[in-house]
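Protein chains in written order, with the working numbering: chain A, -4 to 311; chain B, -4 to 311.
Shown next, in structure tokens, is the structure this report addresses.
Number of protein chains: 2
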Amino acid sequence: MRIGIDLGGMSAKLGLVNEKNEIVGKLVIPTRLDVPAREMIHDMAEAVKKLAGEYGLQTEELEGIGIGSPGTVDQKTGSILYSNNFSWEDVPILSILKEYLGPIPMDIANDADAAALGEVCAGAAKGAKNAILLTLGTGVGGGVVLDGKIFRGGVTGGCELGHMAIVENGQLCTCGRRGCLEAYASASALLRMARKAAAEHPESVMNEMCGGDLEKMNGKIPFDAAAAGDAAGYQVVEEYENHLAFGIANLINIFRPEMVILGGGVAAQKENLTAPLQKKTECMCFGGRHGQIAPIVTSCLGNDAGIIGAANLIEI
Amino acid sequence: MRIGIDLGGMSAKLGLVNEKNEIVGKLVIPTRLDVPAREMIHDMAEAVKKLAGEYGLQTEELEGIGIGSPGTVDQKTGSILYSNNFSWEDVPILSILKEYLGPIPMDIANDADAAALGEVCAGAAKGAKNAILLTLGTGVGGGVVLDGKIFRGGVTGGCELGHMAIVENGQLCTCGRRGCLEAYASASALLRMARKAAAEHPESVMNEMCGGDLEKMNGKIPFDAAAAGDAAGYQVVEEYENHLAFGIANLINIFRPEMVILGGGVAAQKENLTAPLQKKTECMCFGGRHGQIAPIVTSCLGNDAGIIGAANLIEI
């Protein structure tokens, strides 16, 4: 049994994961941002002991503990180098955890990477060895699994798929660069485009759907409007999908995954999103009939992907 | 001693490579495109025997033979799946070579990948373990080395860095897609831009530099014109470098290499090209001071990179 921890800005979700990649027990603790990192890590250690104990396990009986963390992590030193969410810098989380829990196997990865691994081990890409996960949420997170292992790039800080730019001199991204995929394919970008279109088209049903208050726009509305035959809604969805397909085709040309998995809020659209995306993407992939073009699917593990992926950082 | 073979559309260049990654002997044979693949592979086998023989080696004394080939190769089956240059399809080159040479270790990679490995083993990125090579020639070839090994992506046909697109609905690329890096950063693209600018600006010194015949435009002229203070030439170089920097920043965000190496015709500009590129690229890389930004350098092995890289497909 391994424990996978999905560390987030709000909570740390711990799961006890068996050899079939089933989560047999869960424990969620709040992420305390107002205390030094060491105290929060102590909370995590106590939670590990508690979760293991509930299943009659001593900590040293665990096969290992894996952590998926936001931000930039350094696997070699077991550290979180930097995370927006916690304002942590250079926190050697694994060695601190080992002080509390003893020398059991531990590993750490970026949370999007861990979620990608989770989907490969037990989710939408089960059976594949090579897959890319893009999470379409506040930002665009990316995780790549190649030959069953997380692709981490060269030196620390790679695999920022959301910060592959697709438009020269385009929209300003949160990272400071212009034109990033994140600035066009995140849920936030979809909302920006939908609000603009609704404001420019007072006749659009999107205005009605958000009760006349554009602040109440959500990622479902443009898709619903498009399905109802609303021209402005259709245009928003079309534009959003064109940008996303452009980015996905780039990633297929670079990584040649067996599957592309979409997660995050926008992925709730399922085939509504993936069917047109697949068509748009195919004609942009290199090699035509000589190239294998990955099916685009939506994630199926939801929040559990991060836990299962984190647990699978530990080889059993 | 290993033999590295750089297979090209015009010739196959064989090199006998020692453990210090020095080429101690070379042999070049023409690539015969008018005969069945098997005959050309027989020529290669004979050339291997001849080159080894010149240094007193029996074929079976070789530690191995590595091949860098244009097109899409399948390492698992040792085949060239498809190559524009030869009109070959599904040619099991390694098993045919073994028929002629016996069961010595052999491996195959794409030629740009092999050149990247060569530069890491003995060239511009010697000492690094992670590097990207972009060749700026007729097209834009790309090779990635991670942890000292060629990055091959997931399923066959990945790592087409030149076909990462950077402009939506942009220039038509030879691959059929619009907006590829290749359509903006190849030597061919530079010539296209220079010819257009020269035609639009009769006062530009670029017209004089190509003797009034735009067909005689070459990749050096816009750089020379820019250095001489020609506004149109400066604009061409600036635009070319902006596109290239945009693509390089994407690759840094994805792969986080320790070095980016530029090869091919345009790389003859050396610091003239790399110094402004470095500045343009830096402000587009994710993570600012938290991220390691690779130095951009030009290749230093020239044609030998492919031979040395091919030889290094064989582990000794």
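Quick reminder that beta carbons are idealized off the backbone N, C-alpha and C, glycines included.
Contact belief for residue i with residue j at Cβ below 8 angstroms, rounded distance in angstroms
i       : j       : result
R251(A) : V150(B) : 5 angstroms
V261(B) : A182(B) : 5 angstroms
G153(B) : N80(B)  : Not confirmed; about 20 angstroms, so no contact.
G63(B)  : A305(B) : 4 angstroms
N16(A)  : I303(A) : 6 angstroms
A119(A) : T276(A) : Going by Cβ atoms, the distance from A119(A) to T276(A) rounds to 17 angstroms, so no, they are not a contact pair.
C168(B) : A178(B) : 4 angstroms
A104(A) : V68(A)  : 6 angstroms
L186(B) : G206(B) : Not a contact, Cβ separation roughly 15 angstroms.
Where the alpha helix (DSSP H) through residue i begins and ends
i       : result
M101(A) : Taken as a continuous stretch (DSSP letters only), M101(A) belongs to no alpha helix (DSSP H), being part of the beta strand (DSSP E) at 101 to 105.
D299(A) : 299 to 306
K93(A)  : 88 to 96
L296(A) : No alpha helix (DSSP H) holds L296(A); DSSP gives it neither H nor E.
A123(B) : Counting along the chain, A123(B) falls outside any alpha helix (DSSP H), and DSSP gives it neither H nor E.
A262(B) : Unbroken run through A262(B): none, as it is neither H nor E.
A321(A) : An answer regarding residue 321(A) cannot be provided, because it is not within the stretch -4 to 311 covered by chain A.
V177(B) : Note that residue 177(B) is Glu in the sequence shown here, rather than Val. Where E177(B) is concerned, the enclosing alpha helix (DSSP H) stretches over 177 to 180.
Residue i - DSSP class collapsed to helix/strand/coil
i        : result
S199(A)  : coil
V232(B)  : helix
D29(B)   : coil
C116(B)  : helix
G51(B)   : coil
M254(B)  : strand
G(-1)(B) : strand
I24(A)   : strand
V162(A)  : coil
V150(B)  : coil
E56(A)   : helix
L209(A)  : helix
L186(A)  : helix
I243(A)  : helix
D108(A)  : helix
I36(B)   : helix
G171(B)  : coil
G157(B)  : helix
E84(B)   : strand
I249(B)  : helix
K144(B)  : strand
C-alpha gap between residue i and residue j, whole angstroms
i        : j        : result
I247(A)  : G157(A)  : 14 angstroms
Q230(A)  : L176(A)  : 19 angstroms
M212(B)  : A194(B)  : 11 angstroms
L46(B)   : L9(B)    : 8 angstroms
S78(B)   : K124(B)  : 29 angstroms
Q166(A)  : A192(A)  : 16 angstroms
K21(B)   : L11(B)   : 6 angstroms
M35(B)   : M188(A)  : 57 angstroms
S82(B)   : G224(B)  : 45 angstroms
Q273(A)  : A240(A)  : 8 angstroms
G174(A)  : C280(A)  : 21 angstroms
Y50(A)   : I(-2)(B) : 59 angstroms
I249(B)  : E155(A)  : 5 angstroms
D38(B)   : L2(B)    : 12 angstroms
M(-4)(A) : N13(A)   : 5 angstroms
T269(A)  : I24(B)   : 50 angstroms
F146(B)  : G138(B)  : 8 angstroms
I75(B)   : N307(A)  : 35 angstroms
V115(A)  : T54(A)   : 27 angstroms
A107(A)  : A227(B)  : 45 angstroms
V232(A)  : L52(A)   : 50 angstroms
A126(A)  : G242(A)  : 15 angstroms
Q244(B)  : G122(B)  : It should be pointed out that residue 244(B) corresponds to Ala in this sequence rather than to Gln. Using only the alpha carbons, I get a separation of about 22 angstroms.
heavy atom of the ligand ZN below 7 angstroms from residue i C-beta
i       : result
S294(A) : Of the ligands one can find in the structure shown there are none, so the ligand ZN has no counterpart to examine.
N- and C-terminal bounds of the beta strand (DSSP E) containing residue i
i       : result
D69(A)  : 67 to 69
I216(A) : Note, I216(A): premise wrong, no beta strand (DSSP E); alpha helix (DSSP H) at 216 to 222.
L11(A)  : 6 to 12
L272(B) : Careful: L272(B) lies outside any beta strand (DSSP E), inside the alpha helix (DSSP H) at 266 to 277.
G137(B) : 135 to 141
S74(A)  : 74 to 78
Touch test, the stretch 286 to 298 of chain A against the stretch 248 to 264 of chain A, Cβ-Cβ under 8 angstroms, three pairs minimum: The stretch 248 to 264 of chain A and the stretch 286 to 298 of chain A touch, with three or more beta-carbon pairs separated by less than 8 angstroms.
The stretch 94 to 105 of chain A touching the stretch 124 to 134 of chain A, judged by at least three CB pairs closer than 8 angstroms: As far as the Cβ criterion goes, the stretch 94 to 105 of chain A does not touch the stretch 124 to 134 of chain A, which means the pair count is below three.
The stretch 25 to 34 of chain B / the stretch 52 to 70 of chain B touching (three or more Cβ pairs under 8 angstroms): Flag = no, the stretch 25 to 34 of chain B and the stretch 52 to 70 of chain B do not touch.
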